[in-house]
Amino acid sequence: MPLEKIYVTRHGFRSNWLVDPATGTYFAQVPSPTGIPADPKLTSHGVKQARELGRHLLTLDPPIEAVYSSPYYRCLETLGPFMDLWLQKQDDDRRAGRPVSGRNVAAKIRPEHGIQEWFGSAPFDHPQPATTDVLKSLFPAVDEGYVSAVTPSRRGETLAQLQERVAVALRAIIARCDADGTRAVVLCSHAAIIIMLGRILTGHMPETIDAEDFRAFTCGLSVYRRKCRAEGKGGDGRGSPSAFSVETDAILLGGWHCEHNSDCSFLTGGEERG
Numbered sequence: 090m091p092l093e094k095i096y097v098t099r100h101g102f103r104s105n106w107l108v109d110p111a112t113g114t115y116f117a118q119v120p121s122p123t124g125i126p127a128d129p130k131l132t133s134h135g136v137k138q139a140r141e142l143g144r145h146l147l148t149l150d151p152p153i154e155a156v157y158s159s160p161y162y163r164c165l166e167t168l169g170p171f172m173d174l175w176l177q178k179q180d181d182d183r184r185a186g187r188p189v190s191g192r193n194v195a196a197k198i199r200p201e202h203g204i205q206e207w208f209g210s211a212p213f214d215h216p217q218p219a220t221t222d223v224l225k226s227l228f229p230a231v232d233e234g235y236v237s238a239v240t241p242s243r244r245g246e247t248l249a250q251l252q253e254r255v256a257v258a259l260r261a262i263i264a265r266c267d268a269d270g271t272r273a274v275v276l277c278s279h280a281a282i283i284i285m286l287g288r289i290l291t292g293h294m295p296e297t298i299d300a301e302d303f304r305a306f307t308c309g310l311s312v313y314r315r316k317c318r319a320e321g322k323g324g325d326g327r328g329s330p331s332a333f334s335v336e337t338d339a340i341l342l343g344g345w346h347c348e349h350n351s352d353c354s355f356l357t358g359g360e361e362r363g
């Protein structure tokens, strides 16, 4: 069965960093657990948001069967509460003799560099995420065997390069989910990536890059539903699972419909940009 739903969330409220544009030197206001200045952890408010998000993610239908994240600390930390709750639910179901829901793959986080933070083009190297070994020591759920589909340049990217990078990552993620029979996947990323991701999936490319279209509130949840063949022919787009197209043109550039645009109804603080 091909992929039906893509759930997209932004990391929770984080601490800040500064950069000297003349030298490319980054400074962190709060030390990062990875030792990388541009890799901050969540604030106490961000941790609360992540817990509320985790509880909400556990209620989604279809349930999450695969987890992808930017390899930056704040994204992995944001997914932590959901991973803990998911594993606890599996244990509770086993003890109660209930059918175990979900797939074992959801117990692992795949660190995908294709959805990591965007840095603009510069004459200096930008900070990179920690290595997989370091991330594994901090987040045991990290899948150390996963290989990213694409890795951005250390010198940053133009908007055109960003679009290409996100498109490559999405194509690889969707293709793997299709091959694995995964019905629903969650991606945790950053504001610029989430906006670009929405434009690529829906094919709605604005005339100006600063158009207010796809939102990216901290821990907000966007939901993308795969269009089926009937949608382009007057149907309601809600046909049987076998009607979902797995052709390349349905994977990107208009193959997906945005059902929820950074929904924050489950967050106590509502919509916050962070």
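Read in order, the letters of the sequence shown correspond to residues 90 to 363 in our numbering.
Cβ coordinates follow ideal geometry from the N, Cα and C atoms, glycine included.
Computed from a prediction, not measured in an experiment: that's the story for all the values here.
Residues near residue i by beta carbon distance below 7 Å, same chain, minus five either side
i, result
"G343", "T291, G292"
"L224", "P160, L165, P200, V231"
"M285", "L251, Q252, V255"
"P216", "Y115, I125, P126, A127, D128"
"E206", "S159, Y161, H279"
"S210", "R244, G245, E246, T247"
"A185", "none"
Own chain, CB closer than 6 Å to residue i, minus 5 neighbours either side, in chain order
i, result
"P241", "R254"
"N105", "Q118"
"T132", "F102, S104"
"C353", "F306, G309, G359, E360"
"F208", "H215, G245"
"D181", "none"
Presumed contact (8 Å Cβ cut-off) between residue i and residue j, rounded CB distance
i, j, result
"T307", "E361", "5 Å"
"L147", "W175", "7 Å"
"E233", "T247", "About 32 Å separates the two Cβ atoms, so there is no contact after all."
"T123", "A219", "4 Å"
Beta-carbon proximity of residue i to residue j, cut-off 8 Å
i, j, result
"S278", "S311", "no"
"F171", "H134", "no"
"F188", "R163", "A small fix is needed here, since residue 188 is Pro in this sequence, not Phe. No."
"G287", "D299", "no"
"A280", "A249", "no"
Close Cβ partners of residue i (< 8 Å) along its chain, the five nearest in sequence each way excluded
i, result
"D214", "G113, R243, R244"
"L142", "T98, G101, T167, P170, F171, C308, L310, F355, L356"
"R140", "P170"
"F116", "W106, L107, V108, D109, P126"
"P295", "R288, D302"
"K322", "Note that K322 has pLDDT 39, beneath the 50 cutoff, so the model's placement of it is unreliable and no number is given."
"D173", "G143"
"S136", "The residue asked about is misnamed: residue 136 is Val in this sequence, not Ser. Cβ neighbours of V136 beyond the five flanking positions: G101, E166."
Reference residue i, options the options, closest by Cα
i, options, result
"P364", "E206, K130, L276, P212", "Because the chain is modelled from 90 through 363, residue 364 falls outside the range shown and cannot be assessed."
"Y391", "R199, E301, V239", "In the structure displayed, the chain extends from 90 to 363; residue 391 sits before or after that span and is not available."
"A238", "I298, A281, A261, I95", "A261"
"L227", "S121, A249, L286", "S121"
"V275", "I153, M294, T247", "I153"
"V257", "P218, I282, D299, A127", "I282"
"C317", "I204, T123, P216, H346", "H346"
"A229", "I289, A155, K197", "Residue identity check: residue 229 is Pro in the sequence provided, not Ala. Answer by Cα proximity: K197."
"Y96", "I263, D181, P216, G209", "I263"
"A155", "I289, I204, D269, V236", "D269"
"Y235", "Q177, G203, E296", "G203"
"Q177", "F208, R144, V136", "R144"
Cutoff 8 Å: residue i Cβ touching any chain D Cβ
i, result
"R272", "This model lacks chain D altogether; it includes just one protein chain."
Uninterrupted beta strand (DSSP E) stretches inside the region 120 to 167 (no shorter than 3 residues) = Segments of the beta strand (DSSP E) lying fully in the region 120 to 167: 155 to 158.
Residue ranges of each alpha helix (DSSP H) run of no fewer than 4 residues wholly in the region 225 to 313, ordered along the chain?
-> If one requires a minimum length of 4 residues, the alpha helix (DSSP H) runs lying completely within the region 225 to 313 are 248 to 269, 280 to 291, in chain order.
Residue ranges of each beta strand (DSSP E) within the region 181 to 216, 3 or longer = Complete beta strand (DSSP E) runs here, min 3: 198 to 200.
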